[in-house]
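Worksheet for the structure shown next.
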Amino acid sequence: MSMAIAASCGSLNALTLGLPTRAAVPDAKGALPKQMFIGRGAVSAKIKQRFATDIESISMLAILRPATTGLAESRRFPEILVLGLHVPSGAAVPVEVIDHIAAQRQGGIVFVCVRDGGPLPDAETGEPIASDAEQCAFAVRRNVPVKPGHTPITKVHAGAWRPAAGSRLTVYGTTMEELWDSLCAQTIADDIDGSDIDARIAARERATFLESEYAKAKAAHARARTTEQRNAAYGKMLAIRKELAQLKV
Numbered sequence: 302m303s304m305a306i307a308a309s310c311g312s313l314n315a316l317t318l319g320l321p322t323r324a325a326v327p328d329a330k331g332a333l334p335k336q337m338f339i340g341r342g343a344v345s346a347k348i349k350q351r352f353a354t355d356i357e358s359i360s361m362l363a364i365l366r367p368a369t370t371g372l373a374e375s376r377r378f379p380e381i382l383v384l385g386l387h388v389p390s391g392a393a394v395p396v397e398v399i400d401h402i403a404a405q406r407q408g409g410i411v412f413v414c415v416r417d418g419g420p421l422p423d424a425e426t427g428e429p430i431a432s433d434a435e436q437c438a439f440a441v442r443r444n445v446p447v448k449p450g451h452t453p454i455t456k457v458h459a460g461a462w463r464p465a466a467g468s469r470l471t472v473y474g475t476t477m478e479e480l481w482d483s484l485c486a487q488t489i490a491d492d493i494d495g496s497d498i499d500a501r502i503a504a505r506e507r508a509t510f511l512e513s514e515y516a517k518a519k520a521a522h523a524r525a526r527t528t529e530q531r532n533a534a535y536g537k538m539l540a541i542r543k544e545l546a547q548l549k550v
């Protein structure tokens, strides 16, 4: 299949993303109506509004199966879909829409979010700067590990926006389940290795929380009026720095 006849979201399709040709969905079958996801069952007015305002178009870009990837079968992930979501310029990753769509399937879905312009991090400072370039961000909805017998929890994870031209997904692993873990790692950690991805996600989220707590402790130290208050805040800062160093994220 050539790039010209593969289903696309903006300029991106299965082939430009680096996925196997056999996995690409033909252009004639790629476009999916929004009504397909909100026309059945009870759907809140809020979700319907999200589909109306946050999504410009939806496209099925690729279907990853053992036959199209060469990987061994997996009971949990017989196939993994790659779904394109075109969003308005400058819009955020549509987390609520992604959560709603992914909840309708047992298998995995990698969402390829595309927008025509928006803030991108500066290569040197990391500060957001305006850009009119086509951009892409990957997103997945993944189960959060819980103890046996506890209510299952899921969470949507999104990667950073980046120029669409450099966006790639790699088929990696020996089984479809390993592929899913790898695709989640590529989305969340910008890493092809999906091993221990749940532990790494937990560590990253803990680090984010600790950084917030460190900022609070630093502010408390700055406004402290007594030696006791300063020492308490400084001690908390030291403890947080130690834990952050141990997390290694």
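Under the working numbering, the residues of the sequence shown are numbered 302 to 550, in order.
Idealized CB from N, CA, C, for every residue including glycine.
In this text the structure is predicted, and so the values were computed from the model without any measurement.
**Prompt:** Ends of the beta strand (DSSP E) at residue 417?
**Reply:** The residue given as residue 417 occupies position 116 in the sequence shown. Per DSSP, residue 417 belongs to the beta strand (DSSP E) from 409–417.
**Request:** Let me know the alpha helix (DSSP H) ranges lying completely inside the segment 416–503, each 4 residues or longer, listed in chain order.
**Result:** For the segment 416–503, whole alpha helix (DSSP H) runs of length 4 or above, ordered along the chain, are 477–489.
**Request:** Could you tell me which residues DSSP pairs with residue 326 in its beta bridges?
**Result:** In the sequence shown, residue 326 corresponds to position 25, counting from 1. Residue pairing for residue 326: DSSP places it in no beta bridge.
**Message:** Strictly by DSSP, which residues pair up with residue 538?
**Reply:** Working through the sequence shown from its first residue, we reach residue 538 at position 237. The partner list for residue 538 (beta bridge, DSSP) is empty, contrary to what the question assumes.
**Alpha-carbon to alpha-carbon, residue 438 and residue 461** = On the sequence shown, position 160 is the one that residue 461 refers to. On the sequence shown, position 137 is the one that residue 438 refers to. Answer to the nearest angstrom: the Cα atoms are 6 Å apart.
**Asked** Measuring CA to CA, which of 331, 440, 316 is closest to residue 400?
**Response** As a working note, residue 400 is residue 99 in the sequence shown. With distances taken between Cα atoms, residue 400 lies closest to 440.
**Prompt:** Counting Cβ pairs, one atom from each stretch, are 3 or more of them under 8 Å apart for the segment 480–493 and the segment 506–524?
**Reply:** No contact exists between the segment 480–493 and the segment 506–524.
**Message:** Taking the alpha carbon of residue 488 as the reference point, which residue from 379, 457, 520, 475 has its own alpha carbon closest?
**Reply:** For the purposes of this step, residue 488 is taken as residue 187 along the sequence shown, with counting starting at 1. Nearest option by C-alpha distance: 457.
**Asked** When DSSP builds the beta bridges, which residues end up paired with residue 385?
**Response** Along the sequence shown, one-based indexing puts residue 385 at 84. Beta-bridge annotation (DSSP): residue 385 is paired with 360, 413.
**Message:** How far does the alpha helix (DSSP H) with residue 353 in it extend, from its first residue to its last?
**Reply:** Indexing the sequence shown from 1 puts residue 353 at position 52. Here the alpha helix (DSSP H) through residue 353 covers 346–355.
**Message:** Can you give me the C-alpha to C-alpha distance between residue 546 and residue 539, rounded to a whole angstrom?
**Reply:** By one-based count along the sequence shown, residue 546 stands at place 245. By one-based count along the sequence shown, residue 539 stands at place 238. Pairing residue 546 with residue 539, the inter-Cα distance amounts to about 11 Å.
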